[in-house]
Amino acid sequence: MKRILFLLALLSLSFSYYYPYIVDANNHSVINLVYDDYSAQGWGPQNGSYSYADNSLENPDAELRLCADTAAELQEKWVAMAYADGINPGDYLEISHYPLQITSVPPTNCVYLPLDLSSFRAWYPSIPFVFISDSEDLSSPERVKLLPTNGWLAGNYTVVENRTGNTVNITVTEALDDGGSPIIPDVDYLVVGTLPDDTLETIDTAITSINDSVVLSLGGYTSGYVIHINGIGPGNFPPMVTILSPEETGYTINQIPFTYTIYSYYPLDSCWYLLDGQRTDMPDCTIPYILIVEDGTHTLELYANDSEGQVGSDSVTFRVGERPPSPPSGPGGPHIGIPPEEPVEPPPYVPPAYEHFSINPEDIDIIINYPLPGEANFTLYSTTALNDVECFIDADFAEYARVELESTEIPDNSTITGKIIVEMPPTEILDYDGDYEGRIQCVGKPENGPSLMLSTMANLYLTINKPWIEVEEETLGMMVGEQDFFTLNLTNVGNGTAYLYAPSLQAEGLQSSMFAIITTPSPIYHGESKEALLFVSVPSDYEPGTYYVPFRVYENERLVGEGVLKLIVGYEVEGPACQFPLFIHIFDFPDLFVPWAFLLLLFLANWKLIQWRENLNQSRKAIISAIPLLLALPGIWILEPCFMMNVALLQFLSFLYLWWKNENEKRKKQVSYPKKPPEQTQEESTAE
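Everything in the sequence shown is counted per the working numbering, starting at 502 for the first residue and increasing by one.
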């Protein structure tokens, strides 16, 4: 059933009890729903829902997450989604599809309700509100506005305005979807309102429709103003900040509850507070905190900054452990003889005492060794039973961090363990240049106590160990036109235990084209040295000289090491055509003419030496004399003539030695056995 209510009554707003969110039903992440219109993408009108309906072509299945401080604030309540105008009392529109009743509340005090947003095209677009009532007809409801940070319905209107004196003529020309395309709502009713540009108080409102002008009064307001249509801009409002506690009164304890409300049209970017001028960045802008202060007067300032850069603030001054000074009883000081009257002070507000809740250690070190995540363990201790315990991280690296708790409950005087995991993509580890310090805050609700949470903090210190490769500086000598393989040593001299899992080696500079990287070793652990295989080819027309070639190592396209190779390029010096004798090199012959001629002479000398061997028959002499020629013939095709000449020389020396030895033995025999004189004949004897 669709209902339209036009009210001019004062409605109570309660932002401190209910916390609504539009979330994805699958993973409970906060989402901003868009107008579902796929006709522009070729899907056809029959496929588009033309509304903010969840579980449609453009929107996932969505749920309303509604949380409260206590279960009693949710139990048996009736809940519906609605559109409404601005923030304060005035005209508003309510559209509801069968309010749902909450029948059970889990210990987290958060319930998930299915959404039915198919009718939200009728009042397109507008600020979504949650109406919470004790009855099904939603009478006397609590009206809680959704913020862009808690889930939103994206869209806007175009407006034509003309101010005359204290009135302004307003015409709404069209509604725009999230992509800026115009659309006409099914039900042509619009709530148009004017608000001062420095507050959120409604000046005047009226009911109109698209392309119909309406005149609104500005009353006695003469400064700037903004226009809201169904509660949506185009005015830019800074966050509306209100400190609920501490109040401007006295306290007798030193642990003060810090509660507040922050209302923001645009998503919140950050929030922080100044306590006596000392700034503290708040990791979460929706939870209460505990202030620990000393006796004396203190000033607390709370700030909130939205995504448009607008800042809202509130401040309060309070006292701890002392009474304010008594004012004088009259002008100029107290009257003589008349005791001054003591001012009547209301009894100070004393919040309930809180038990001890702490993180151990107070300084937590988290070490990331590339490419692995970093982890750190801690414990939470509480003297009172807590539930709904959770932790938040406030740091530049918070988007990569998560906290895992052993349990969301802490019994009396007990401890639970927790783990902080900082898991960055490898590229983010190598690129990270943010702050390395942060804080972790943990909160929990007393099991049987007030709804205010207990809070504790600890410091975080992040260390990122990155690898660094030292490329060995070598000297490589090459000749013009030469090609060869060689290796480069890569040593990981980085910090911690960081290692490379997919390094790539590159030669850079003018000489890089001569180098081809064949293999780059991986992984390279800390302190480890491995060899990269390279192939170098020096062009035949390259200029000789000394060159310095830089080599760089990359991981995921990030520089993780470097070194320089000294390359010496020269001409190859031609040696003599032949050196003789072998290994001694007494003679150098520039060409092979002399070696060939000398080789022939050695063949002839060897043959003569063989011929002189008297103890050899003719056939054996012929065979031995042919040996030099047989050794020389293969050398013509296989070996060099120079080599054959040296072989022939060795053969000549061998034969010469054998000849000398043979002649020497002959002489020895002649000395040992002299020849007998020849015998005389008969005639010679007779003559004598």
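From the three backbone atoms N, C-alpha and C, an ideal C-beta is built for every residue, glycine too.
Inset, instruction - Tell me where the beta strand (DSSP E) around residue 927 begins and ends. - result: If you number the sequence shown from 1, residue 927 lands on position 426. No beta strand (DSSP E) holds residue 927; the alpha helix (DSSP H) holding it covers 927–932.
Legend entry - Limits of the beta strand (DSSP E) - the one that residue 815 falls within: Sequence index remark: in the sequence shown, residue 815 carries index 314 (1-based). First-last of the beta strand (DSSP E) with residue 815: 812–821.
Inset, instruction - Could you check how far apart the C-beta atoms of residue 886 and residue 912 are, in whole angstroms? I think they sit under 8 Å. - result: As a first step, residue 886 must be located in the sequence shown, where it is residue number 385. As a first step, residue 912 must be located in the sequence shown, where it is residue number 411. The Cβ separation is near 6 Å, so the contact holds.
Inset, instruction - Give the single residue among 557, 1016, 772 and 880 whose Cα lies nearest to the Cα of residue 983. - result: Within the sequence shown, numbered from 1, the residue matching residue 983 stands at position 482. Out of 557, 1016, 772 and 880, 1016 has the C-alpha closest to the C-alpha of residue 983.
Inset, instruction - Out of 727, 520, 763 and 717, point me to the one whose CA is closest to residue 643's CA. - result: On the sequence shown, position 142 is the one that residue 643 refers to. With distances taken between Cα atoms, residue 643 lies closest to 520.
Inset, instruction - Could you spell out the range, first to last residue, of the beta strand (DSSP E) harbouring residue 718? - result: Locating residue 718 in the sequence shown gives position 217, counting from the first residue. 714–718 is the extent of the beta strand (DSSP E) around residue 718.
Inset, instruction - Could you give the DSSP three-state label for residue 969: helix, strand or coil? - result: Indexing the sequence shown from 1 puts residue 969 at position 468. The answer is coil: DSSP assigns residue 969 none of H, G, I, E or B.
Inset, instruction - Could you tell me how far apart the beta carbons of residue 693 and residue 671 are, in whole angstroms, since I believe they sit closer than 8 Å? - result: The residue you call residue 693 lines up with position 192 of the sequence shown. The residue you call residue 671 lines up with position 170 of the sequence shown. Residue 693 to residue 671, Cβ: 6 Å. Contact.
Inset, instruction - Could you give the DSSP three-state label for residue 1015: helix, strand or coil? - result: Here residue 1015 corresponds to residue number 514 of the sequence shown, with the count starting at 1. Residue 1015 falls in the helix class under three-state DSSP.
Legend entry - Supposed contact pair residue 565 and residue 523 - C-beta distance, whole angstroms, cut 8 Å: Taking the sequence shown and counting its residues from 1, the one referred to as residue 523 is at position 22. Taking the sequence shown and counting its residues from 1, the one referred to as residue 565 is at position 64. So it is a contact: roughly 6 Å between Cβ atoms.
Legend entry - Beta-bridge partners of residue 1038, as assigned by DSSP: Reading the sequence shown from its first residue, position 537 is the one you call residue 1038. For residue 1038, which the question treats as bridged, DSSP gives the partners 984.
Inset, instruction - Say whether the stretch 765–783 touches the stretch 796–813, bearing in mind that this needs 3 or more beta-carbon pairs closer than 8 Å, one atom from each stretch. - result: yes
Legend entry - Extent of the continuous beta strand (DSSP E) run through residue 767: In the sequence shown, residue 767 corresponds to position 266, counting from 1. Counting along the chain, residue 767 falls outside any beta strand (DSSP E), and DSSP gives it neither H nor E.
Legend entry - Buried or exposed by the 16-neighbour rule on C-beta atoms within 10 Å, applied to residue 858: The residue you call residue 858 lines up with position 357 of the sequence shown. Burial call: buried.
Legend entry - Beta-carbon contacts of residue 916 that lie in its chain and below 7 Å, excluding the five residues immediately before and after: The count along the sequence shown starts at 1 and reaches residue 916 at position 415. Excluding positions up to five away in sequence, the list reads 880, 881 and 882.
Legend entry - Per-residue DSSP class, three states only, for residue 1165: Residue 1165 sits at position 664 when you count from the first residue of the sequence shown. Correct three-state label for residue 1165: helix.
Inset, instruction - Just confirm the distance between the C-beta atoms of residue 893 and residue 785, as a whole number of angstroms; I'd bet it's less than 8 Å. - result: Residue mapping note: residue 893 aligns to position 392 of the sequence shown, counting from 1. Residue mapping note: residue 785 aligns to position 284 of the sequence shown, counting from 1. Yes, residue 893 and residue 785 are in contact; Cβ-Cβ is about 5 Å, under 8 Å.
Legend entry - Euclidean distance between Cα positions of residue 628 and residue 531: For the purposes of this step, residue 628 is taken as the residue at position 127 of the sequence shown. For the purposes of this step, residue 531 is taken as the residue at position 30 of the sequence shown. Between residue 628 and residue 531, the C-alpha separation is close to 16 Å.
Inset, instruction - Using 7 Å as the cut-off, classify the Cβ of residue 723 as near or not near the heavy atoms of the ligand PLP, replying yes or no. - result: This structure simply doesn't include the ligand PLP, nor any ligand for that matter.
Legend entry - residue 1058 - partner residues in DSSP beta bridges: On the sequence shown, residue 1058 is found 557 positions in, with the first residue counted as 1. None; residue 1058 has no bridge partner.
Inset, instruction - Give the secondary structure of residue 697 by DSSP, where H, G and I count as helix, E and B as strand, and everything else as coil. - result: Position 196 of the sequence shown, counted from the start, is the residue given in the question as residue 697. Three-state DSSP puts residue 697 in a strand.
Inset, instruction - With a threshold of 16 other CB atoms inside 10 Å of the CB of residue 920, please say whether the residue is buried or exposed. - result: In the sequence shown, counting from the first residue as 1, residue 920 sits at position 419. Exposed: under 16 other Cβ atoms inside 10 Å.
Legend entry - Neighbourhood of residue 986 by C-beta distance below 6 Å, restricted to the same chain and skipping five residues each side: Here residue 986 is taken as the residue at index 485 of the sequence shown, counted from 1. So the qualifying residues of the chain are 1036.
Inset, instruction - For residue 520, write down the residues that DSSP places opposite it in a beta bridge. - result: Translated into the one-based positions of the sequence shown, residue 520 becomes position 19. According to DSSP, which records beta bridges pairwise, residue 520 is partnered with 568.
Inset, instruction - Please report how far the alpha carbon of residue 867 lies from the alpha carbon of residue 876, in whole angstroms. - result: The residue you call residue 867 lines up with position 366 of the sequence shown. The residue you call residue 876 lines up with position 375 of the sequence shown. If I take the Cα positions, the gap works out to 6 Å.
Inset, instruction - Give me the Cα-Cα distance between residue 575 and residue 618, rounded to the nearest whole angstrom. - result: In the sequence shown, counting from the first residue as 1, residue 575 sits at position 74. In the sequence shown, counting from the first residue as 1, residue 618 sits at position 117. Rounded to the nearest angstrom, the two C-alpha atoms are 22 Å apart.
Inset, instruction - Determine the burial state of residue 683: buried for a count of at least 16 other Cβ atoms within 10 Å of its Cβ, exposed for fewer. - result: Translated into the one-based positions of the sequence shown, residue 683 becomes position 182. Its Cβ having fewer than 16 others within 10 Å, residue 683 is exposed.
Legend entry - Nearest-angstrom Cβ-Cβ length linking residue 1063 and residue 1054, presumed shorter than 8 Å: Translated into positions along the sequence shown, residue 1063 becomes position 562. Translated into positions along the sequence shown, residue 1054 becomes position 553. That belief holds up - the Cβ atoms of residue 1063 and residue 1054 are roughly 7 Å apart, short of 8 Å.
Inset, instruction - Please go through the same chain and pick out, in chain order, the residues whose beta-carbon is closer than 6 Å to the beta-carbon of residue 928, but skip the five residues on each side of it. - result: The count along the sequence shown starts at 1 and reaches residue 928 at position 427. Cβ within range, chain order: 1057.
Inset, instruction - Name the two residues that bound the continuous beta strand (DSSP E) containing residue 906. - result: Position 405 of the sequence shown, counting from 1, holds the residue named residue 906. Residues 902–906.
Legend entry - Beta bridge counterpart(s) of residue 864 as assigned by DSSP: Residue numbering aside, residue 864 sits at position 363 when the sequence shown is read from its first letter. Its beta-bridge partners are 960.
Inset, instruction - Alpha carbon to alpha carbon, how far is residue 900 from residue 994? Give it in angstroms, no decimals. - result: To locate residue 994, count along the sequence shown from 1; it is residue 493. To locate residue 900, count along the sequence shown from 1; it is residue 399. Approximately 29 Å between the Cα atoms of the pair.
Legend entry - Straight-line Cα distance separating residue 770 from residue 659: Walking along the sequence shown from the start, residue 659 turns up at place 158. Walking along the sequence shown from the start, residue 770 turns up at place 269. If you take the alpha carbons of residue 659 and residue 770, they lie about 27 Å apart.
Legend entry - residue 796 to residue 780 span [Cα, whole Å]: Indexing the sequence shown from 1 puts residue 796 at position 295. Indexing the sequence shown from 1 puts residue 780 at position 279. The straight-line gap from Cα to Cα measures roughly 19 Å.
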